[in-house]
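Quick note on the numbering used here: the sequence shown kicks off at 20 and runs consecutively.
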Amino acid sequence: MQTDRLMQPHDNPIASGNLVTKISGSKFITIEGIDGCGKSTLAKNLADALVKTGASVVLTKEPGGSELGIALRKILQEQKDPVCEKAEYLLFAADRAQHFKQIIQPALINNKIVISDRWCDSSVAYQGYGRGLGIEMIKTINAWATQELIPDLIFYIRIDAQTAFDRIKKRNLELTAFEKEKVEFWTRVEHGYEELFMNNKNVIVLDGKMTQEELLQQAINRYQYLFQK
20 MQTDRLMQPH
30 DNPIASGNLV
40 TKISGSKFIT
50 IEGIDGCGKS
60 TLAKNLADAL
70 VKTGASVVLT
80 KEPGGSELGI
90 ALRKILQEQK
100 DPVCEKAEYL
110 LFAADRAQHF
120 KQIIQPALIN
130 NKIVISDRWC
140 DSSVAYQGYG
150 RGLGIEMIKT
160 INAWATQELI
170 PDLIFYIRID
180 AQTAFDRIKK
190 RNLELTAFEK
200 EKVEFWTRVE
210 HGYEELFMNN
220 KNVIVLDGKM
230 TQEELLQQAI
240 NRYQYLFQK
């Protein structure tokens, strides 16, 4: 696996007037999966485990990794005034552009390990497959917003839509706008992830039915195998 993936060989190292460099020790890791799969817990547990080894880690998330993202997250999750599908995606894209510029890019340049709970692939799965928007357009805007940043490693927690749907309903929390969707929506998102990650060499698939302890151990094992040889 190629680990230095911030810029591709054909890319111009100066994009939008900003020099993008990748320090050899920095890593960009994303955690993906449908709501209810356990990705947020894994992201935190993995960050904590790496910090204990002496690594410098930035744990972040989408939406909500920046100050702008926090405001957009509130709009997206509550949707008291329903947001149309295109506006919904563009709000995610705005969050992602700010997230990249304010949080992720500086951390990578400063030789840190960045772990993000969701990244561009979430919009392809949720807004592309789930909402039925143009997948190629979403990919194009994602690339533009993030200077084509590709994760060094993606942990995809695989779980079927019905199990995730049942888990969400059992939570003793107020449901977000997405969590109120019917199981058919989650099935489309699940299919999107499966198709998106089918032949992606950067993706490690984890069984979402494992315990959090088992998920963490699997993630640590793969991280060590790939980056600590």
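Yeah, the Cβ is synthetic: ideal placement off N, Cα and C, and Gly gets one too.
Identify every residue that forms a DSSP beta bridge with K80. The beta-bridge partner set that DSSP reports for K80 consists of D136.
With the cut-off set at 7 Å, would you say I50 and F174 are in Cβ contact? It is a contact, given that the beta carbons lie within the stated cut-off.
Using beta-carbon positions only, say whether S59 and D136 come within less than 7 Å of one another. Yes, the Cβ-Cβ distance between S59 and D136 is below 7 Å.
Does the distance from the C-beta atom of Q243 to that of L225 stay below 7 Å? Contact annotation: Q243 and L225 have beta-carbon atoms that are not nearer than 7 Å.
Under 7 Å between C-beta atoms of I134 and G57: For I134 and G57, no; Cβs fall outside 7 Å.
Under 8 Å Cβ to Cβ from G153, same chain only, skipping five residues before and after it: list those, please. Only G147 meet the Cβ criterion.
Grouping DSSP H, G and I as helix and E and B as strand, with all else coil, what is E51? In this structure, E51 counts as strand in the three-state DSSP scheme.
Residue span of the beta strand (DSSP E) that contains R190, given as start and end: For R190, no beta strand (DSSP E) encloses it, and the DSSP letter there is neither H nor E.
Specify, as a first and last residue, the run of the beta strand (DSSP E) that I223 falls within. Bounds of the beta strand (DSSP E) holding I223 are 222-226.
Rounded separation between A112 and D100 - CA only: Straight-line Cα distance between these residues: approximately 19 Å.
Could you give the first and the last residue of the continuous alpha helix (DSSP H) run that contains L152? Note, L152: premise wrong, no alpha helix (DSSP H); not H, not E.
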